[in-house]
Amino acid sequence: MATTETIETLKHLVRCAREDTAVLDVESMKFFKAWLIEDLKATIPPPKAPPTSVNMDDPELMTPDSDVAHTMGPEQPKETLSDDEEAKMIAAKEAAAEAVAAEKYDEAIEKYTEAVVIAPSALTYAKRAECFIKLRKPNAAIRDCDAALKINPDSAKALKIRGAAQRYLGQYAAANADLSKGLQIDFDEHYGDIHKAVLSRVHEMHVAEGKARAQKEAEAKAKAAEARARAAADAANAANAAGSGMPGSGMPGGGMPGGGMPGGGMPGGMPNVPPEMLEKLTSDPELMKAMQNPKVMQAMQAMMSNPMAAMQYMSDPEVGPVLQKLMGLFGGGMPGGMGGMGGMPGGMGGMPGGFGGGAPPSANANDVD
Numbered sequence: 000m001a002t003t004e005t006i007e008t009l010k011h012l013v014r015c016a017r018e019d020t021a022v023l024d025v026e027s028m029k030f031f032k033a034w035l036i037e038d039l040k041a042t043i044p045p046p047k048a049p050p051t052s053v054n055m056d057d058p059e060l061m062t063p064d065s066d067v068a069h070t071m072g073p074e075q076p077k078e079t080l081s082d083d084e085e086a087k088m089i090a091a092k093e094a095a096a097e098a099v100a101a102e103k104y105d106e107a108i109e110k111y112t113e114a115v116v117i118a119p120s121a122l123t124y125a126k127r128a129e130c131f132i133k134l135r136k137p138n139a140a141i142r143d144c145d146a147a148l149k150i151n152p153d154s155a156k157a158l159k160i161r162g163a164a165q166r167y168l169g170q171y172a173a174a175n176a177d178l179s180k181g182l183q184i185d186f187d188e189h190y191g192d193i194h195k196a197v198l199s200r201v202h203e204m205h206v207a208e209g210k211a212r213a214q215k216e217a218e219a220k221a222k223a224a225e226a227r228a229r230a231a232a233d234a235a236n237a238a239n240a241a242g243s244g245m246p247g248s249g250m251p252g253g254g255m256p257g258g259g260m261p262g263g264g265m266p267g268g269m270p271n272v273p274p275e276m277l278e279k280l281t282s283d284p285e286l287m288k289a290m291q292n293p294k295v296m297q298a299m300q301a302m303m304s305n306p307m308a309a310m311q312y313m314s315d316p317e318v319g320p321v322l323q324k325l326m327g328l329f330g331g332g333m334p335g336g337m338g339g340m341g342g343m344p345g346g347m348g349g350m351p352g353g354f355g356g357g358a359p360p361s362a363n364a365n366d367v368d
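Counting from 1, position 173 in the sequence shown corresponds to residue 172 in numbering that gives the first Met the number 0; the numbering is continuous, with no gaps.
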């Protein structure tokens, strides 16, 4: 049956996994992740990307220390100690513990240094690192914890102390990783509280990162919209410039002589069109752009040879709106009919608004010559 301590540890693990599933990727947790996926068929979300640094007020941050590194133990310690060496090591550790109890952390560091020089261990390094934290020297604490974890990668104390040191340097993502792993191995309330504060900071950083990303995307969209608006304005100005270059009723470069569009799209001209109407037509960018649509020009040519073809094009989603707009420009019709359309004297009856004055009501399309 699970003890209260085991349940608390499990609760802490669940909180960490909810915050970031990266906690399940550490070596000691791979068996648990495999059980979730293989046996429970759980879907594990991907780990969160490391958040970018943001400016956040944190009154508990410490000024990074740059002191000369304290003496470290030998890389290759002795396999066995003499009785005299062992006695000195034990005495140094006992003196260090008494100094810590008296809150004399500088003295404790000296005694722990004596001990690691004789026989370095992960626990002794971690205890010295804890003293460095008390003296607000997080970088020194991290160095000692690195040395401890080199000896024992699963040293819970070294992981928790290094996580705390990183927290005090504002390295919240790294602190979260170390504290998560250390507390999984050996949970204690003090470092659990520090981890809660770290999780809160990590959450704030994720939120800030999301807002920054959303703002960047909004700015990019605004720039794109501005570029499109600028391009549309340039096109409109170009169309207006082309329209203003029409002498009478002809556009330079073969455009619309006598009413014809460039390329001979509407030969035969648009007679009886007042100059102000012609200017209104050419000053409409949307209409001028529509006139460049091959389908619209094809419809115009078809209507020139068969005026009744206008009926079928009125329902076309591309051509119909252009015809309606043309009729609107000319007050409901095209005065005098569309020249060169092979007929349509007086316009086309039966259509709402008609072309021109409209044909007599009794006229029949089959009567057109």
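For glycine and all other residues, C-beta sits at the position ideal for the given N, C-alpha and C.
Values in this document were obtained by computation on a predicted structure and should not be read as measured data.
### Query
Any contact of the stretch 115-122 with the stretch 73-86, i.e. 3+ C-beta pairs under 8 Å?
yes
### Query
Under three-state DSSP, which class holds Ala140?
helix
### Where His381 falls: helix, strand or coil (DSSP)
Outside the modelled stretch of the chain, which goes from 0 to 368, sits residue 381, for which no answer is possible.
### Query
CA-CA distance, Glu37 and Asp145?
34 Å
### Task
Assign Glu285 to one of three DSSP states: helix, strand, or coil.
helix
### Euclidean distance between Cα positions of Pro63 and Gln183
28 Å
### Nearest-angstrom beta carbon gap, Lys159 and Leu134 [assumed within contact, 8 Å]
Not a contact, Cβ separation roughly 18 Å.
### Task
Sort Asp283, Pro316 and Ala172 by Cα distance to Pro46 and report the nearest one.
Ala172
### Exposure of Gly181, with buried meaning 16 or more beta-carbon neighbours within 10 Å
buried
### Task
Would you mind sorting Lys92 into buried or exposed? The rule is 16 or more other CB atoms within 10 Å of its CB.
buried
### Query
Between which two residues does the alpha helix (DSSP H) carrying Pro293 extend?
Pro293 to Ser304
### Task
Identify whether Gly345 lies in helix, strand or coil by the three-state DSSP scheme.
Any reading at Gly345 must be qualified, since the residue scores a pLDDT of 38, below 50, and its modelled position is unreliable; the value itself is stated next. Of the three classes helix, strand and coil, the one that applies to Gly345 here is coil, per DSSP.
### Task
Give me the Cβ distance between Thr20 and Phe186, rounded to the nearest whole Å; I'm assuming they're in contact under 8 Å.
Not confirmed; about 19 Å, so no contact.
### Query
Does the Cβ-Cβ distance between Tyr190 and Met61 come in under 8 Å?
no
### Message
Give me, in chain order, the residues of the same chain whose beta-carbon lies closer than 6 Å to that of Arg200; leave out the 5 immediate sequence neighbours on both sides.
### Response
Tyr171
#### Entry: Pairwise C-alpha distance: Arg229 and Thr293
Checking the displayed sequence, the identity of residue 293 turns out to be Pro instead of Thr. Distance between the alpha carbons of Pro293 and Arg229: 25 Å.
#### Entry: 4-residue-minimum alpha helix (DSSP H) runs that sit fully inside the stretch 57-123, ordered along the chain
82-100 and 104-117
### Query
For Gly263, which residues of its own chain have a beta-carbon under 7 Å away from its beta-carbon, when the five flanking residues on both sides are left out?
Any reading at Gly263 is ruled out, since the residue's pLDDT is 38, under 50, leaving its predicted position unreliable.
### Message
Please report the straight-line C-alpha distance between Val206 and Lys29, rounded to a whole angstrom.
### Response
28 Å
### Query
Can you list, in chain order, the residues of its chain whose CB lies under 6 Å from that of Val321, leaving out five sequence neighbours each side?
Ala289 and Val295
### Reference Pro284, options Ala298, Gly319 and Ala234, closest by Cα
Ala234
### Query
Residue range of the alpha helix (DSSP H) that Ser179 falls in?
Tyr171 to Ile184
### Query
Can you name the start and end residues of the alpha helix (DSSP H) that Ile36 belongs to?
Premise fails: Ile36 is in no alpha helix (DSSP H) and is neither H nor E.
### Query
Who are the near neighbours of Lys156 in its chain, counting only those whose CB is closer than 7 Å to its CB and skipping five residues on each side?
Leu122 and Ala125
#### Entry: Reference Ile132, options Ala213, Gly162 and Thr112, closest by Cα
Gly162
### Message
Less than 6 Å between C-beta atoms, sequence neighbours within five positions excluded: which residues of the same chain meet that for Lys10?
### Response
none
### Query
By how many angstroms is the C-alpha of Glu188 removed from the C-alpha of Thr2?
16 Å
### Query
When burial is assigned at 16 or more other CB atoms within 10 Å of the CB, is Ser27 buried or exposed?
exposed
### Query
What whole-angstrom Cβ distance do Glu106 and Ala98 have, given they're in contact under 8 Å?
4 Å
### Query
Exposed or buried, Arg127, counting other C-beta atoms within 10 Å across all chains shown (16 or more means buried)?
buried
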